[in-house]
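*Asks:*
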Amino acid sequence: MPQPLDFATLQPVIVLSVWTCVLLLLDVFLIKRKSITAVLTAFGLALTLGLTFMQVGASNDGFSGMVVQDGFSTFINALQLVGGLLGVAVAHAYIKRTGSERGEYYTLLLFSVIGMMLMAQSNDLIMVFIALELLSIPLYVLAAFTRNTESEEAGIKYFLLGAFSTGFVVYGIALVYGATASTNLHEIVAFASSSSPSLLLTIGAALILVGFAFKVAVVPFHMWTPDVYQGAPTAVTAFMSSGAKVAGFAALLRVFSVAFPNISMDMAPVLAAISALTMIVGNIVAVSQTNIKRMLAYSSIAHAGYILMAFVPYGDAQVSADAIASGLFYLVAYMLTNFGAWAVVIALETKSGSGLELSDYSGLAKKYPAIAAAMTIFMLSLIGFPPTLGMVGKFYLFRAALQGGYTTLALIGVITSLVSAFYYLRVIVNMYMREGDPTPARDLWLDLTWSITAIATVVVSLAPQFLFVLASTAVMLK
Amino acid sequence: MLEYVAIALMIVVSTFVALSAIGMGELLGPKKKSKAKDVPYESGMLPYGEGTRRIPVRFYLIAVLFILFDIEVIFFLPWAVVFRQLRIFGLIEMAVFIGILLVGYAYAWKKGALEWE
Amino acid sequence: MTIDLLLFLTLALVAVATALGMVTSKNTVYSALFLVLNFATVAVFYILLGAPFIAMSQITVYAGAIMVLFLFVIMLLGTERLNSANILPWQRPLAIILAVILTVEAGYLLIFKSNPTAMVNAPDASINTIGSLQSLGMALFTDYLLPFEATSILLLVAMVGAIILSKQDKNEKGGAK
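Protein chains in written order, with this note's numbering: chain A, 51 to 528; chain B, 363 to 479; chain C, 136 to 312.
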């Protein structure tokens, strides 16, 4: 029977779930103006963010070991809630503009955030699976939300490949259960370290890795990403490209470093290869893109490769703490920069869905210097150019890879970053050196999104130690 | 495994009953075949075109809702078996579960998903 | 034990045959019916493994409700008969080659590289009776309480999603069919 402490570990999630259910009914029965739903959604997220901050310092497991609440989960949850708030901010005007304004957009977004938070707190493979579904299903629906042909195609593609990847996860879970007779992460590691190495466990872990590799879109499981990111409503793409990726990495980090440290010798080379491949393919293919949504999609694939770099030495006790902190730091940097860049893309997208080509950014700097400056900051941050968060994040990542003894990987990271400069700088060149007549949509929430993320990207990078210390204290309960 | 012998026996018997009902009709009944008899019966009208027809999307929504509530009902069975051991706690658990699904039910109702337009 | 083995082998044959029938059948309705048979066979597997409740759920949810949905979708799309033209000309041989490689590799690893007797750690099999529903209920409603409640949210999301995607909103402009 659950004790009060059990509820305390999951308090933010429970509050947000209740709020979402109430909001779903309020929206359909009472609320006529959907802006009110948006405000109430933001309020719920802010409230939950406050509750999450109150959890700082505590660490417990709850509900018979199903979930844990520790520094790591609090960090990820706070990040996801900020992502949710940004997701509401960029969506509000966008769905009105594209004529698909419905209150369910916000409730589905909230459900997805609930799934993401549960994912970071899961301590049992069953919970990981349910959280994965809970975060994915709303995203499938959101991807098809505007119901034009491209959006529907994106929705069905995302759904089919998402369901496929979930199959991998479930099969992996089944094999791990077969090998260790438990789905609890702590019991798995206890069993694995007391018995002889089991091939079944390794195969199960590998299948789980494949499933999550689909979710975070790393090569060779990235094929769906460009199509889905391009076809989905841009506001949804902004939300899922950051939220789902952060959630996927959070689950991978927790499952692997808590349950599978014994097989890190087998896993590390695979992870390193995937990471290298992702950085190379993502960045090189991005060079040939002319559509900004596709370009950013490939950029997000490439960034998954960088983040994975922090994950490679997970079994090495000496460097793993620092590496995971670097990974968390980069997730923050990626979340802020990525959301900012997508917010600018949303601003420039016209009602009919055009304005998404790189040439549409020509002359932006002359007419709207503020937006152009913000976009410049995001592009520089994505390259890893000072003084931005992306640069500091990459520095920590490369340092983690070097400490773990993966010099080649760090080298590939540096070289591909140089390659990436080519296509990111092209956006800046278009904005500042070409003539054109773009007319971005102005809206308070959207303006706030790109300006705040741009300022944060620069300001935090000036004193990165603060955030890095915060990430270092975000340890997992083992 | 012995518990299942009864079930297997029941399946065999029911299959036999069903087959014998069809078989006896086939054996005992008179058989007069004609071309008109082999045509699907459409109230005296001559059939035209394909027999298969596309059905409206409304069926799909009903089917999805049916599955969801079907899964919900599945959970009632193990609950009913241990209801006494769980006492009031079990009741609260199930109330929360049903409560959340009632939200969905109210939503579906208000949205008109249960209406046949 | 031998009866169990015999039963298992027979059922395994049926399961594989129906699965193949489902994939190769050109008529989608036949495919769906092959799938029903496959689900039923899998349900018997669950009984053999001592999980009667899962077997029952398999029949009610999969062979029952989900098959109804499949048939609805088949009739909704009007695709009872598939085109005989091969849509994926070069993918099929490639897929077969890759599948064979994977099978051989997995078989090799499982048979020669590991100790098969020490591999699978089955959970406690002493509850291998019809009465196991009780222990399942106790586990589900005490230790697995949270996944159980989370499932209800999952079902709610699925409901909202299905309604959103298939139901036209009255005040919605554009994009509608």
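All C-beta atoms, glycine included, are put in the ideal place defined by N, C-alpha and C.
Is any beta-carbon of chain B found at less than 8 Å from that of Glu240(C)?
*Replies:* Not one chain B Cβ lies under 8 Å of Glu240(C).
*Asks:* Can you give me the start and stop residues for the alpha helix (DSSP H) that Val426(B) sits inside?
*Replies:* 420-473 is the span of the alpha helix (DSSP H), which, as asked, contains Val426(B).
*Asks:* How would you label Ile307(B), buried or exposed, when you count the other beta carbons within 10 angstroms and need 16 or more for buried?
*Replies:* Past the edges of chain B, shown from 363 to 479, lies residue 307(B), and the structure says nothing about it.
*Asks:* For the beta strand (DSSP E) containing Asp111(A), list its first residue and its last residue.
*Replies:* Where Asp111(A) is concerned, the enclosing beta strand (DSSP E) stretches over 110-112.
*Asks:* For Thr489(A) and Val308(A), what's the separation of their Cα atoms in angstroms?
*Replies:* Cα to Cα, the separation comes out at about 50 Å.
*Asks:* Enumerated in chain order, which unbroken segments of the alpha helix (DSSP H) with a length of 4 residues or greater are wholly contained in the segment 264-325 of chain A?
*Replies:* Entirely contained in the segment 264-325 of chain A, the alpha helix (DSSP H) runs reaching 4 residues are, in chain order, 274-281, 284-304.
*Asks:* Answer yes or no: does any C-beta atom of chain C fall closer than 8 Å to that of Thr466(A)?
*Replies:* Not one chain C Cβ lies under 8 Å of Thr466(A).
*Asks:* Considering only C-alpha positions, which residue in the set Val305(A), Val477(A), Leu517(A), Ser150(A) is nearest to Ala256(A)?
*Replies:* Comparing Cα positions, the closest option is Val305(A).
*Asks:* Kindly list the residues whose CB is nearer than 6 Å to the CB of Val239(A), restricted to its own chain and excluding five residues on each side of it in sequence; keep chain order.
*Replies:* Only Ala309 meet the Cβ criterion.
*Asks:* If you count every other CB in all the chains shown that lies within 10 Å of the CB of Val401(B), and 16 or more means buried, which is it?
*Replies:* With fewer than 16 other Cβ atoms within 10 Å, it is exposed.
*Asks:* Go to Val196(C), then tell me how far its alpha helix (DSSP H) extends in each direction, as first and last residue.
*Replies:* Segment: none, Val196(C) is in no alpha helix (DSSP H) and carries neither H nor E.
*Asks:* By DSSP, does Phe350(A) sit in helix, in strand, or in coil?
*Replies:* Rather than Phe, the amino acid found at residue 350(A) in this sequence is Ser. Here Ser350(A) sits in helix by DSSP.
*Asks:* Would you kindly work out how many angstroms separate the C-alpha atoms of Ala25(A) and Leu452(A), rounded to a whole number?
*Replies:* Outside the modelled stretch of chain A, which goes from 51 to 528, sits residue 25(A), for which no answer is possible.
*Asks:* Ignoring anything shorter than 3 residues, give me the beta strand (DSSP E) runs that lie fully in the segment 196-223 of chain A, in order along the chain.
*Replies:* DSSP runs (the beta strand (DSSP E)) wholly in the segment 196-223 of chain A: none.
*Asks:* Residues in the segment 76-96 of chain A with C-beta within 8 Å of chain B's C-beta atoms, listed in sequence order?
*Replies:* Residues passing the 8 Å Cβ filter: Val78, Phe79.
*Asks:* Taking buried to mean at least 16 other C-beta atoms within 10 Å of its own C-beta, is Ile396(A) buried or exposed?
*Replies:* Buried, since its Cβ has 16 or more Cβ neighbours within 10 Å.
*Asks:* Restricting to runs no shorter than 4 residues, where is the alpha helix (DSSP H) found entirely within the segment 157-201 of chain C?
*Replies:* With a minimum length of 4 residues, the continuous alpha helix (DSSP H) runs that stay inside the segment 157-201 of chain C are 163-183, 187-192.
*Asks:* State yes or no: is the C-beta of Val465(B) within less than 8 Å of the C-beta of Ser301(C)?
*Replies:* In this structure, Ser301(C) does not lie closer than 8 Å to Val465(B) by Cβ.
*Asks:* Does Val374(B) come within less than 8 Å of chain A when only Cβ atoms are used?
*Replies:* No, Val374(B) does not count as interfacial toward chain A.
*Asks:* Compare the Cα-Cα distances from Leu271(C) to each of Leu448(B), Lys395(B), Pro392(B) and report the closest residue.
*Replies:* Nearest option by C-alpha distance: Leu448(B).
*Asks:* Starting from Gln119(A) and walking both ways along the beta strand (DSSP E), at which residues does that stretch end?
*Replies:* Where Gln119(A) is concerned, the enclosing beta strand (DSSP E) stretches over 117-119.
*Asks:* What would DSSP say about Asn173(A), mapped onto helix, strand or coil?
*Replies:* Here Asn173(A) sits in coil by DSSP.
*Asks:* Whose Cβ in chain A lies nearer than 7 Å to the Cβ of Ala468(B)?
*Replies:* Going along chain A in sequence order, the residues near Ala468(B) (Cβ under 7 Å) are Leu75.
*Asks:* Using beta-carbon positions only, say whether Met329(A) and Thr466(A) come within less than 8 Å of one another.
*Replies:* Contact: yes.
*Asks:* Anything in chain A within Cβ reach of Gly296(C), meaning under 8 Å, just list it in chain order.
*Replies:* Leu158, Ile187, Pro188, Tyr190, Val191, listed in chain order.
*Asks:* Would you call Val286(A) buried or exposed, if buried means 16 or more other Cβ atoms sit within 10 Å of its Cβ?
*Replies:* So Val286(A) counts as buried.
*Asks:* Straight-line CA distance for Lys417(A) to Asp487(A)?
*Replies:* Each residue's Cα considered, the two are about 8 Å apart.
*Asks:* Output the distance between the C-alpha atoms of Ile421(A) and Glu485(A), rounded to the nearest integer angstrom.
*Replies:* C-alpha separation (whole angstroms): 16 Å.
*Asks:* Provide the residue span of the alpha helix (DSSP H) that contains Trp392(A), from first to last.
*Replies:* First-last of the alpha helix (DSSP H) with Trp392(A): 367-398.
*Asks:* I want to see whether chain B comes within less than 8 Å of Lys161(C), judged by CB atoms only; does it?
*Replies:* With 8 Å as the cut-off, Lys161(C) does not count as an interface residue toward chain B.
*Asks:* Rounded to the nearest angstrom, how far is the Cβ of Val269(A) from that of Leu251(A), given a contact under 8 Å?
*Replies:* Contact doesn't hold; Cβ gap of about 25 Å is too wide.
*Asks:* Using a Cβ distance threshold of 8 Å, determine whether the segment 145-152 of chain C contacts the segment 191-207 of chain C, with at least three qualifying pairs required.
*Replies:* No: the two stretches stay apart, fewer than three of their Cβ pairs being nearer than 8 Å.
*Asks:* Do you know how far the Cα of Asn341(A) is from the Cα of Ser402(A)?
*Replies:* Answer to the nearest angstrom: the Cα atoms are 15 Å apart.
*Asks:* Rounded to whole angstroms, what's the CA-CA distance from Phe532(A) to Lys472(B)? Just pull it up for me.
*Replies:* Because chain A here runs from 51 to 528, residue 532(A) falls outside it and cannot be looked at.
*Asks:* Does the separation of the CB atoms of Leu364(B) and Leu290(C) fall below 8 Å?
*Replies:* No; because the gap between Cβ atoms is not below 8 Å, this pair is not in contact.
*Asks:* Distance, Cα to Cα, Val509(A) vs Thr438(A)?
*Replies:* Distance between the alpha carbons of Val509(A) and Thr438(A) is about 8 Å.
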